[in-house]
Amino acid sequence: MKDGPDISRVAALIGDPARANMLTALISGMALTASELAAEAGVTLQTASAHLSKLEAGGLISLRREGRHKYFRLAGDEVAHVLEALMGLAAGTGALRTRPGPRDPEMRKARVCYNHLAGDMGTQMYDALLARGVLWQSGEALELTDAGRGFVTGFGIDLDGLPKSRAPLCRDCLDWSERRSHLAGQLGRAMLSRIEALGWATRVKGTRVVRFSPDGAAAFAEVFGGGLHHR
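Numbers in the working numbering are just positions in the sequence shown, counted from 1, shifted up by 1.
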């Protein structure tokens, strides 16, 4: 027996088509019921429950009870990061029914990836933050610079007030439609929350789409396209 982590166990859990559909449904960051996940996977509730038990035992999802209802969500940011990377790998190797990336143009433009901004606008924001010295990258390490802390604070984010989490403050996540990185981690989630709080964009219920208003898209372009000056 070889030493080290057994990736085959995790790969087998993700590799089942029904379980893969459930996991990708949860990448939106929402908690879903077994019935909702059964519909996503195209299986019966009984079959979905068996799949969910395996995913929970394997540490890929977590269960939360609210009264008589049970809700499932991804176990954490690390799981979402792996799933998005696998989507990128599948797209890059041609494992698609149609053209690379989401079929819906709105999904390609802006969508949720475990509560951070993905798609074209997500990669645009990431590139702008790197280019302007807000973020600094060395190898796989991604850090918020001192100047970046000033920018983030000016954007209306209280870094000291971020929820306690095992997730890193900053990390990059391979965007599977753009084939480039977008910002994940605690800061990625805080940036999307702030964009929503400013009224620039809203999430489309029942989908992963993030829809920007015309004014919101213009404000976003001003901050992350043409400079770091806020309105």
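Every residue gets a Cβ at the ideal spot worked out from N, C-alpha and C, and that includes glycine.
Ile62 is bridged by DSSP to Leu75. The straight-line gap separating the alpha-carbon atoms of Asp17 and Leu199 is approximately 40 Å. Within the stretch 92-178, the complete alpha helix (DSSP H) runs of at least 4 residues fall at 106-110, 121-132 and 147-155. Across the structure, Phe213 and Glu223 are spaced so that their CA atoms are roughly 14 Å apart. Residues Phe225 and Gly226 of the same chain have their beta carbon placed closer than 7 Å to that of Ala129, with the five preceding and five following residues left out of the count.
Contact between Ala76 and Leu61 holds, since their C-beta atoms are separated by about 6 Å, short of 8 Å. DSSP, read as helix, strand or coil, puts Thr203 in strand. Separation of the CB atoms of Cys174 and Cys114 is rounded to 6 Å, and the pair is thereby assigned contact status at 8 Å. Residue pairing from DSSP places His70 in a beta bridge opposite Glu67.
In the structure shown, Ser54 falls within a helical segment according to DSSP collapsed to helix, strand and coil. Taken atom to atom, the span from the alpha-carbon of Leu56 to that of Arg66 is near 17 Å. At least 7 Å separates the beta-carbon of Arg112 from that of Val44.
Exclusion of the five residues before and after Ala19 leaves Ala42, Gly43, Val44, Thr48, Ala49 and His52 as the residues of its chain whose Cβ lies within less than 8 Å of its Cβ. For Ser36, there is no enclosing beta strand (DSSP E); the enclosing alpha helix (DSSP H) has its first and last residue at Ala35 to Ala42.
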